[in-house]
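Student:
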Amino acid sequence: MRYKPNYAPGPTEVRENVRLARAKRTNNSDFDKTFVRYYRAVSQKMGKVMGTTNEVLLLAGEGILALEAACASLTEPGDRVLVLDNGIYGEGFKDFVSIYGGEPIALSFDHHSGIPAEAVRAYLEKDSDFKYATLVHCDTPTSVLNNVAALCPLLKEYGILTVVDSVAGMVGEPINVDANKIDICCGGTQKAISAPVGLAIVSVSADAQKAMDDRKTPIASFYANLQVFKGYAEKEYLPYTTSAGDVAALDAALDNILEEGIETVFARHDRIASAVREAAQAYGLELFLDSDRSNTVTAIRIPEEIGALRLQDHLSERYDLLVATSLAQYADVILRIGHMGENAFIDKLIYVLAIIDNGLKDLGFTGKGDLAQLFIESYKENK
Ligand SMILES: *Cc1c(COP(=O)(O)O)cnc(C)c1O
4 MRYKPNYAPG PTEVRENVRL ARAKRTNNSD FDKTFVRYYR AVSQKMGKVM GTTNEVLLLA
64 GEGILALEAA CASLTEPGDR VLVLDNGIYG EGFKDFVSIY GGEPIALSFD HHSGIPAEAV
124 RAYLEKDSDF KYATLVHCDT PTSVLNNVAA LCPLLKEYGI LTVVDSVAGM VGEPINVDAN
184 KIDICCGGTQ KAISAPVGLA IVSVSADAQK AMDDRKTPIA SFYANLQVFK GYAEKEYLPY
244 TTSAGDVAAL DAALDNILEE GIETVFARHD RIASAVREAA QAYGLELFLD SDRSNTVTAI
304 RIPEEIGALR LQDHLSERYD LLVATSLAQY ADVILRIGHM GENAFIDKLI YVLAIIDNGL
364 KDLGFTGKGD LAQLFIESYK ENK
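Numbered according to our numbering, the sequence shown spans residues 4 to 386.
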């Protein structure tokens, strides 16, 4: 398979030192104590990047496993769960809740902006009898960013635990798990962390741990069960054999992030994302969102007469370029440019925007000027 660069919102580019880290020899990752200590050190490094001293677990599996494990571990039959929904992943939590016997109650909002905290507060004034609530930090198919700093402490005020899907948010946008009182925060290695696909990340607060300890019924899952990790560090024993190479790769990716400085990483995403948004608008394209746009991905509305799917095919066939459209009802409406982690650098964006500019013009769109050049101009101004 020939290597082909991709500009999708995940999986992202993986830096060479991260790829090579995977190839190193490791100790037995089932029960060697030195490996368990290493795993713990990497999980604490992950916690540092997420802004938490809570236990962070690295599960062998893709990011979806984090979401499922959170819901499997918290949900008991009949539990009422508040599903905050303003996007496709937000709504998707309903399925995880009901599979494990809970009663999902969706509080749905418009998809064109973030969830308004005041509206959630007004709702909770009337009904706050929920064991936990789910929400998505960056709902990738539309690129909307939810204000976890307002929403999670609010839910906590009402005694509701929070499960946050920050798979496509963390590292590109601040998540601050402890400051924002997030009980279970979910991540994946393949987005802004820019490590290979392979680990699901979950942080577990003391309150979330207590909710699992206080369960009256057993967790209805074998592999998506967070409770089996309880006390692993003290016992120096992991419940399952861990994918050691993935842990080593994550370690190297976290070193890259910490070496650059997490604040610098956020600023880099902000500068790139702002320039992409400004350029797209100056060029004559419309952004899908009215506000609350994540710095990890930009969703651009593609004119109906062109169609996002046709543009995607054209870019692939004519220019060998892989970009993402969206999902479900937005599949033919939105083109998404991922600028997460290692993909959030000026060279990458100049390339992808130059090709998109040509592709759009091939299909009859009359853009105002040169999309890549407009990007460079915004990038220069937004120092
Ligand atoms: C990518 C992503 C996940 C992980 O799932 P995929 O299998 O990669 O789709 C979960 N949540 C969000 C918001 C994501 O963007």
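All C-beta atoms, glycine included, are put in the ideal place defined by N, C-alpha and C.
Is any heavy atom of ligand 2 found at a distance shorter than 7 Å from the C-beta of ALA331?
Tutor: You won't find ligand 2 in this model; what it holds is ligand 1.
Student: To the nearest angstrom, report how far apart LEU229 and THR244 are at their CA atoms.
Tutor: On the sequence shown, position 226 is the one that residue 229 refers to. On the sequence shown, position 241 is the one that residue 244 refers to. Between LEU229 and THR244, the C-alpha separation is close to 15 Å.
Student: Using a threshold of 7 Å, is the CB atom of ASP168 nearer than that to any non-hydrogen atom of ligand 1?
Tutor: Stepping through the sequence shown from its first residue, residue 168 is reached at position 165. Yes - ligand 1 has a heavy atom lying nearer than 7 Å to the Cβ of ASP168.
Student: Output needed for ILE178: all residues of its chain with C-beta closer than 8 Å, excluding positions within five of it in sequence on either side, in chain order.
Tutor: Numbered from its first residue, the sequence shown carries residue 178 at position 175. MET53, GLY54, HIS140, VAL151, VAL167, SER169, GLY172, ILE185, CYS188.
Student: Taking three-plus beta-carbon pairs below 8 Å as touching, is the segment 196-215 in contact with the segment 58-68?
Tutor: Taking 8 Å as the limit for Cβ pairs, the verdict is that the segment 58-68 does touch the segment 196-215.
Student: Would you please state the rounded distance, in angstroms, between the beta carbons of THR78 and GLY117? I believe it to be under 8 Å.
Tutor: Within the sequence shown, the letter at position 75 stands for residue 78. Within the sequence shown, the letter at position 114 stands for residue 117. Actually they do not touch by this definition, with Cβ atoms about 26 Å apart.
Student: May I have the straight-line CA-CA distance separating VAL326 from TYR333, to the nearest angstrom?
Tutor: Counting from 1 along the sequence shown, the entry for residue 326 is found at position 323. Counting from 1 along the sequence shown, the entry for residue 333 is found at position 330. Going from the Cα of VAL326 to the Cα of TYR333 covers about 15 Å.
Student: When you compare the CB positions of SER2 and ASN57, do they come within less than 8 Å of one another, or not?
Tutor: No answer is possible for residue 2: it lies beyond the span of the chain, which begins at 4 and ends at 386.
Student: Put GLU239 into one of helix, strand or coil per three-state DSSP.
Tutor: Sequence index remark: in the sequence shown, residue 239 carries index 236 (1-based). Of the three classes helix, strand and coil, the one that applies to GLU239 here is coil, per DSSP.
Student: Going by DSSP, what residues sit across from GLU58 in a beta bridge?
Tutor: As a position in the sequence shown, residue 58 is number 55, starting the count at 1. Answer by DSSP bridge pairing, in chain order: VAL207.
Student: For LEU158, which option in VAL21, TYR126, VAL147 has the closest C-alpha, if you only look at C-alpha atoms?
Tutor: Position 155 of the sequence shown holds residue 158. Comparing Cα-Cα distances from LEU158 to each of VAL21, TYR126, VAL147, the minimum goes to TYR126.
Student: Report the CB separation of GLU162 from ASN298 in whole angstroms; it is logged as a contact under 8 Å.
Tutor: Translated into the one-based positions of the sequence shown, residue 162 becomes position 159. Translated into the one-based positions of the sequence shown, residue 298 becomes position 295. Note that residue 162 is Gly in the sequence shown, not Glu. Not a contact, Cβ separation roughly 32 Å.
Student: Is the beta carbon of ARG339 closer than 8 Å to that of VAL300?
Tutor: Working through the sequence shown from its first residue, we reach residue 300 at position 297. Working through the sequence shown from its first residue, we reach residue 339 at position 336. Cβ atoms of VAL300 and ARG339: closer than 8 Å.
Student: Could you check if LEU377 is buried or exposed, using at least 16 other CB atoms within 10 Å of its CB as the buried criterion?
Tutor: Looking up residue 377 in the sequence shown gives position 374. Classification for LEU377: buried.
Student: Anyone know if the C-beta pair for ALA247 and SER101 falls short of 8 Å?
Tutor: Taking the sequence shown and counting its residues from 1, one reaches residue 247 at position 244. Taking the sequence shown and counting its residues from 1, one reaches residue 101 at position 98. Taking 8 Å as the Cβ cut-off, ALA247 and SER101 do not qualify as a contacting pair.
Student: With DSSP as the reference, label PRO12 as helix, strand or coil.
Tutor: Locating residue 12 in the sequence shown gives position 9, counting from the first residue. Three-state result, PRO12: coil.
Student: Using 10 angstroms around the beta-carbon of PHE232, count the other beta-carbons present and answer buried if the total reaches 16, otherwise exposed.
Tutor: As a first step, residue 232 is located in the sequence shown; it is residue number 229 there, counting from the start. That one is buried.
Student: Run through DSSP, which three-state label would GLY93 get?
Tutor: Start at 1 with the first residue of the sequence shown, and residue 93 comes out as number 90. Helix.
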